[in-house]
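Below is one structure; the comments refer to it alone.
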Amino acid sequence: MKPIEVMEEVCVAVASDQDIVSARMRGRTMALQLGFRATDATLIATAISELARNILLYAKSGEIVIAPLERGESRGLTVVARDRGPGIADTTRAMEDGYSTSGRLGLGLPGVRRLMDEFDLRSHAGEGTTVTVKKWND
Amino acid sequence: MQVPILKQGPYLIATIQSALTDADILQLRDALVEQVGRYRSRGVIIDVTALDVMDSFATGTLRDVAHMVRLRGAETVIVGIQPDVAFAMVHMGLTLEGVTTTLDLEEGLDHLNRNIKSSAAR
Chain A
16 MKPIEVMEEV
26 CVAVASDQDI
36 VSARMRGRTM
46 ALQLGFRATD
56 ATLIATAISE
66 LARNILLYAK
76 SGEIVIAPLE
86 RGESRGLTVV
96 ARDRGPGIAD
106 TTRAMEDGYS
116 TSGRLGLGLP
126 GVRRLMDEFD
136 LRSHAGEGTT
146 VTVKKWND
Chain B
258 MQVPILKQGP
268 YLIATIQSAL
278 TDADILQLRD
288 ALVEQVGRYR
298 SRGVIIDVTA
308 LDVMDSFATG
318 TLRDVAHMVR
328 LRGAETVIVG
338 IQPDVAFAMV
348 HMGLTLEGVT
358 TTLDLEEGLD
368 HLNRNIKSSA
378 AR
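Below, the structure written as structure tokens:
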């Protein structure tokens, strides 16, 4: 087995719509470096775009951390989207297709869940929101 | 980055050349809806070949453009959605229902030429 390059995690501060583009581009680059197919890199970039926009839309600012993953023989990538915004009052409804408190399509979070292999949403009213997603390269 | 809009006969052709911010996409929407009136255009083509990602915002806004342009009396065709982008859109559940899409610019122009000729003949 060839030695695996040590890849550092990348943290992108999200405070403007330009940061959404930066975050998804960094995600795509890392996915390709980790050996993901271009199709999966696009899925990952799309998920990051949605997560970063949610930060901007609901919390005004936050961060996206993109890091390589290892579990046994499996390799992958994780994205953590974190903010200290108002939090999500009803996390169950936030995961329903078509539900939105912002008047948008309401496909963001449920869409992200479908794009990635693992999805975890933690939010408490007044304390912010952390979404952790993973994609495995197999 | 602003998207250049080319006026070609009765059509407007907007060619996206790189990743766009949300503000860029909104600016494109407003420019197209305004220019359809200014140039009395019959058709609008938006070439998304170079777009890296079609997320819910981009998809929703392009759908809005098509509907707004239709209300202004012209037809919109979205051209050049890449295979990976189409795959991601389907996974997310994003659709461009009610919006004409074609493989590339050539097909888009063919579509408009056919449709606009047949509506003029009526």
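Same order as they appear, the protein sequences are chains A and B.
Per my numbering: the first sequence = residues 16 to 153.
Per my numbering: the second sequence = residues 258 to 379.
Glycine included, C-beta positions come from ideal geometry on N, C-alpha and C.
What does the alpha-carbon distance come out to for the pair residue 106 of chain A and residue 146 of chain A? Taking the first sequence and counting its residues from 1, the one referred to as residue 106 of chain A is at position 91. Taking the first sequence and counting its residues from 1, the one referred to as residue 146 of chain A is at position 131. Straight-line Cα distance between these residues: approximately 11 Å.
Within 10 Å of its beta-carbon, does residue 366 of chain B have 16 or more other beta-carbons around it, so buried, or fewer, so exposed?
Position 109 of the second sequence, counting from 1, holds the residue named residue 366 of chain B. Buried, since its Cβ has 16 or more Cβ neighbours within 10 Å.
>> Short of 7 Å in beta carbon distance, which residues of its chain neighbour residue 368 of chain B, apart from the five on each side in sequence? Order them along the chain.
In response: Taking the first residue of the second sequence as position 1, residue 368 of chain B is located at position 111. Excluding its 5 nearest sequence neighbours in each direction, residue 368 of chain B has C-beta neighbours in its own chain below 7 Å: 334, 357 and 359, listed in chain order.
**Request:** Starting from the C-beta of residue 281 of chain B, find all residues in its chain whose C-beta is less than 8 Å away, skip the five residues before and the five after it, and write them out in chain order.
**Result:** Translated into positions along the second sequence, residue 281 of chain B becomes position 24. Within the same chain, residue 281 of chain B has close Cβ partners 258, 259 and 260.
- request: Say whether the segment 59-78 of chain A touches the segment 298-313 of chain B, bearing in mind that this needs 3 or more beta-carbon pairs closer than 8 Å, one atom from each stretch.
  value: yes
ask   = Taking Cβ to Cβ, would you say residue 54 of chain A is nearer than 7 Å to residue 341 of chain B?
value = Position 39 of the first sequence holds residue 54 of chain A. Position 84 of the second sequence holds residue 341 of chain B. For residue 54 of chain A and residue 341 of chain B, yes; Cβs fall inside 7 Å.
Which of the residues in the segment 340-356 of chain B, read from start to end, lie with their CB under 7 Å from any CB of chain A?
Result list: 341, 342, 344, 345, 348, 349, 350 and 351.
(message) Assuming residue 294 of chain B is part of the beta strand (DSSP E), what are its boundary residues?
(response) One-based indexing of the second sequence puts residue 294 of chain B at position 37. Here residue 294 of chain B belongs to no beta strand (DSSP E); instead the alpha helix (DSSP H) covers 279-295.
Measuring alpha carbon to alpha carbon, tell me which of A:29, A:37 and A:134 ends up nearest residue 74 of chain A. As a position in the first sequence, residue 74 of chain A is number 59, starting the count at 1. Closest by alpha carbon: A:29.
TODO: Kindly indicate which residue of A:82, A:36 and A:26 has the alpha-carbon position closest to the one of residue 46 of chain A.
DONE: Residue 46 of chain A sits at position 31 when you count from the first residue of the first sequence. Of A:82, A:36 and A:26, the residue nearest in Cα terms is A:82.
Starting from residue 329 of chain B, trace the alpha helix (DSSP H) both ways and give me its first and last residue.
Within the second sequence, the letter at position 72 stands for residue 329 of chain B. From DSSP, residue 329 of chain B is part of no alpha helix (DSSP H); its letter is neither H nor E.
Checklist entry - Can you tell me whether residue 332 of chain B is buried or exposed, with buried defined as 16 or more other CB within 10 angstroms of its CB? => result Start at 1 with the first residue of the second sequence, and residue 332 of chain B comes out as number 75. So residue 332 of chain B ends up on the buried side.
### Query
Going straight from the alpha carbon of residue 86 of chain A to that of residue 57 of chain A, what length do you get?
Residue mapping note: residue 86 of chain A aligns to position 71 of the first sequence, counting from 1. Residue mapping note: residue 57 of chain A aligns to position 42 of the first sequence, counting from 1. Going from the Cα of residue 86 of chain A to the Cα of residue 57 of chain A covers about 23 Å.
Query raised in the report: Grouping DSSP H, G and I as helix and E and B as strand, with all else coil, what is residue 103 of chain A?
Result: Taking the first sequence and counting its residues from 1, one reaches residue 103 of chain A at position 88. Coil at residue 103 of chain A, not helix or strand.
| So is residue 304 of chain B in contact with chain A if we call contact Cβ pairs under 7 Å? | Taking the second sequence and counting its residues from 1, the one referred to as residue 304 of chain B is at position 47. It does not: the Cβ of residue 304 of chain B has no partner Cβ on chain A nearer than 7 Å.
How is the beta strand (DSSP E) around residue 138 of chain A delimited, first residue to last?
Position 123 of the first sequence, counting from 1, holds the residue named residue 138 of chain A. That run of the beta strand (DSSP E) goes 133-139.
Exercise. What are the uninterrupted segments assigned as alpha helix (DSSP H) that are 4 or more residues long and contained completely in the segment 302-370 of chain B, given in chain order?
Worked result: 313-328 and 340-349
Distance CB(residue 80 of chain A)-CB(residue 133 of chain A) smaller than 7 Å: Within the first sequence, residue 80 of chain A is the residue found at index 65, counting from 1. Within the first sequence, residue 133 of chain A is the residue found at index 118, counting from 1. Not a contact, by the Cβ cut-off of 7 Å.
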